[in-house]
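For reference, the structure is listed below as structure tokens.
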Amino acid sequence: MRLNVAFGLQTEICSATTCAWLTGSVVSVILQTEARDVSLRILASTGLVLKEQNSVLVLTVHDQEEQVKVKDIRAMSPTHIAKLYTAYVRKQAQCLLDIEADSANDSPALTQLCRWTMEITAILICFGFGDAKNLEVLYSLNMADGTLSHEALPDDANDSLLATLQLTDAQQQDMLHLRRCLYIRVGQLSRERDAIMSTMPAAAQPTHSQPFQLDLKHTADKLAETKEWADALCTNRANESRAFVYAKICLSRGILTSIQSALTMVHQYPRGADSKAMLEVLAKQFEEPSIQRLSEPCEVQHAADWQGIVQYVDSLDASSLHGHTPLLKGSAQLDIPDA
């Protein structure tokens, strides 16, 4: 993804440093939009109704179809998001009770549960990836009253959740494989970013030129250097953002069943579901390598493994709405050498 900037003749010529600041203010918006669009495209392929090229969500939590523009969700207050989330969790909880009484794969309660779980997921995506500050809000939002709290969940909260989910051995191995692939990928991107940043001073810092050298050509050359650096950094951040989006959907939409995804939201209410924390608790149980260890350079050829995650997520559709879709399919997990 390239950052396209149009340059016009102006009476004032910006320095390269000023250009870098202006470019940076656009990068986060581009990354947020791409992450949101990737997520919504995947959700749409699994049965969520979207109209007008992903610009409208059709919500049914209030027992009738309601069309809500993505831009309006992006602008919602934390209190509004909390009220919506609470309404969906109540619906999910009732469905879970109904499913206990009728566990058939074609039960109306299971169909509704899946629908409402996807709808609230789409709402959170549109809100969280609509503004960088909104993501921070979601991490600390109390869904019961709309207030913000940075108080950590109890240490045993995710242990209790994992016990409630009753994961199969295959699901656990899929989750561990996903975690390994994700953080190996993130580590690679982090090293690439360090390499990009190491070139920043030469590109971003203005040189101490003599007055007669401060002309339009000199400034334009510096501007081009800064834009090249910004483009590379933007691409790197886009790849990292995309990695977390694919990992989130791989877990919630493919590895976990629709019942387990709903249980995750209901169990952790009034806090939002924390997929990363859940993965870390599972990794600790299996004595998996730490995030730091996975992020370090190693001999593992992970490109094909990460591409496998991408292909897996892209293959999810309405035919696999409710159950666990195997990720590994009999293949071995990544082998991380000892430190």
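Just so you know, we're using this note's numbering here: the sequence shown kicks off at 7 and counts up by one.
We treat Cβ as the ideally placed atom computed from N, Cα and C, and that holds for glycine.
For residue 174, the number of other beta carbons within 10 angstroms of its own is below 16, and it is reported as exposed. Each of 120, 102 and 140 was checked against the Cα of residue 81, and the nearest Cα belongs to 140. Beta-bridge analysis with DSSP links residue 72 to 65. Counting only residues of its own chain and dropping the five nearest sequence neighbours on each side, residue 155 has a CB closer than 7 Å to the CB of 146 and 148.
Distances from the alpha-carbon of residue 193 to those of 246, 47 and 176 put 246 closest.
The straight-line gap separating the alpha-carbon atoms of residue 195 and residue 76 is approximately 30 Å. Rounded to whole angstroms, residue 236 and residue 103 show a C-alpha spacing of 52 Å.
Of the candidates 142, 292, 270 and 317, the residue whose Cα lies closest to the Cα of residue 126 is 270.
Looking from the CA of residue 129, the closest CA among 99, 113, 172 and 84 belongs to 84.
Counting only unbroken stretches of 4 or more residues, the alpha helix (DSSP H) elements lying wholly within the stretch 64 to 144 are 76 to 80, 84 to 107 and 114 to 134, in sequence order. For residue 275, no alpha helix (DSSP H) run applies, since DSSP gives it neither H nor E. Note that the C-beta distance between residue 179 and residue 288 is not below 8 Å. In the DSSP assignment, the residues bridged to residue 147 are 154. Pairing residue 122 with residue 67 gives a Cβ-Cβ distance under 8 Å.
Put simply, the backbone Cα of residue 255 is about 37 Å away from that of residue 230. DSSP, read as helix, strand or coil, puts residue 292 in coil. With a 10 Å radius around the Cβ and a threshold of 16 neighbouring Cβ atoms, residue 290 comes out exposed.
By the 16-neighbour rule on beta-carbons within 10 angstroms, residue 111 is exposed.
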